[in-house]
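UniProt numbering applies: residue 1 is where the sequence shown begins, and numbers increase by one.
Beta carbons: idealized from backbone N, C-alpha and C, even for Gly.
Quick caveat: nothing in here was measured; it's all calculated off a predicted structure.
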Amino acid sequence: MASVREEFMHWVEMLPDTQTPSWLGLPSNAERVLLTTQGTDMMGKMLKMQMLEDEDDLAYETEKKKRTSSYSDAQPAWMRTLHTTACNWLQLIPQTVNHLKRTVENIKDPLFRFFEREVKMGARMLQDVRQDLTDVVHVCEGKKKQTNVLRTLINDLVKGILPRSWSRYTVPTSMTVIQWVADFSDRIKQLQMISQAAASGGAKELKNIHVCLGSMFVPEAYITATRQYVAQVNSWSLESSAWRSTSPPPRVQRSTRAASASKV
């Protein structure tokens, strides 16, 4: 062990020029993590530069050819693919979903209030998603200039990643944007069925329809609303009621019906 300054200096001079990250209290793979992060950041910037370059080239060709029939030939391959995909999604996703009609009586119904919130959330998301896809189509057709928001959206869609602006309810982390669009379409179709039932039979019809619990945006709220409704109808306290569910036979579509609760 060194005891004088000269020995300390000699020890320092004998140290190798390259040291491991552990000398700084970092994990041994810190350098690899840093390089990986830098590489990912560089690839993202390169992709953004490529998209900007393609956009500039496309704008130049559009101006030069004055939007002639040969416009599509000037598009990069990824943009043509994205255009086709976005158009297909717009055809797959329903166009609208009607809001539930609120009255003085049905607003007292817990189930009606739940379905009303679900329909409102679905209608708002439907409008935003369809607007985003329409903007993407217009960008691919040269009718709309890219913004930072649209550039991020297009970047995610090209990679098959679910855009952050669309992620408003819980889905599996492994779900791709293609799977999400198909699932979202099914959710909106269920909301259309709920809206049609309420329009034709009123709030009481909402107790007779079968719904897919997994296609709800907030499924736990459905369970709470069902308990509240059953307790209200039977004049029970909410604490004295408990949720009870039964599993359907095999090979039968899973569904749940309102008012499945019992008193304990």
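Neighbourhood of residue i by C-beta, 8 Å cutoff - its chain only, sequence neighbours within 5 removed
| i | result |
| --- | --- |
| F115 | L100, I194, A198 and L206 |
| I154 | M51, L82, V136, V139 and Q146 |
| I107 | R113 |
Continuous alpha helix (DSSP H) stretch holding residue i: start and end
| i | result |
| --- | --- |
| Y169 | Here Y169 belongs to no alpha helix (DSSP H), and DSSP marks it neither H nor E. |
| P110 | P110 to C140 |
| F217 | Segment: none, F217 is in no alpha helix (DSSP H) and carries neither H nor E. |
| K159 | N148 to K159 |
| M14 | R5 to M14 |
| C212 | C212 -> no alpha helix (DSSP H), and no H or E assigned at all. |
| W236 | Run containing W236: none; DSSP gives neither H nor E here. |
| V177 | V177 to G201 |
| R244 | Per DSSP, R244 belongs to no alpha helix (DSSP H) and is neither H nor E. |
| H99 | Where H99 is concerned, there is no enclosing alpha helix (DSSP H), given that its DSSP letter is neither H nor E. |
| N88 | A77 to L92 |
Within 8 Å, strictly: CB atoms of residue i and residue j
| i | j | result |
| --- | --- | --- |
| V139 | L157 | no |
| W166 | L133 | no |
| A215 | R244 | Sequence inspection shows Ser at residue 215; the Ala mentioned does not correspond to that position. Cβ distance not < 8 Å, so S215 and R244 don't count as in contact. |
| A123 | V97 | yes |
| V230 | S241 | yes |
| V129 | F184 | yes |
| K189 | P94 | yes |
| S28 | T20 | yes |
Residue i burial status per 10 Å Cβ neighbour count (16 or more: buried)
| i | result |
| --- | --- |
| A203 | buried |
| V42 | As written in the sequence, residue 42 is Met, which differs from the Val given in the question. Label assigned to M42: exposed. |
| N208 | exposed |
| F8 | exposed |
| Q131 | exposed |
| M125 | buried |
| L111 | buried |
| V181 | buried |
| A225 | buried |
| T103 | exposed |
| Q91 | exposed |
| V211 | buried |
Cut-off 7 Å between Cβ atoms - residues of its own chain near residue i, not counting five sequence neighbours on either side
| i | result |
| --- | --- |
| C87 | V137 |
| D17 | none |
| E6 | none |
| L191 | V97, E118, V119 and G122 |
| V33 | none |
Beta-carbon contacts of residue i that lie in its chain and below 6 Å, excluding the five residues immediately before and after
| i | result |
| --- | --- |
| G201 | none |
| M79 | C140 |
| Y169 | F217 |
| A221 | F114 |
Contact with chain C by residue i, beta-carbon distance below 8 Å
| i | result |
| --- | --- |
| H138 | Note that chain C does not occur in the displayed structure, where there is just one protein chain. |
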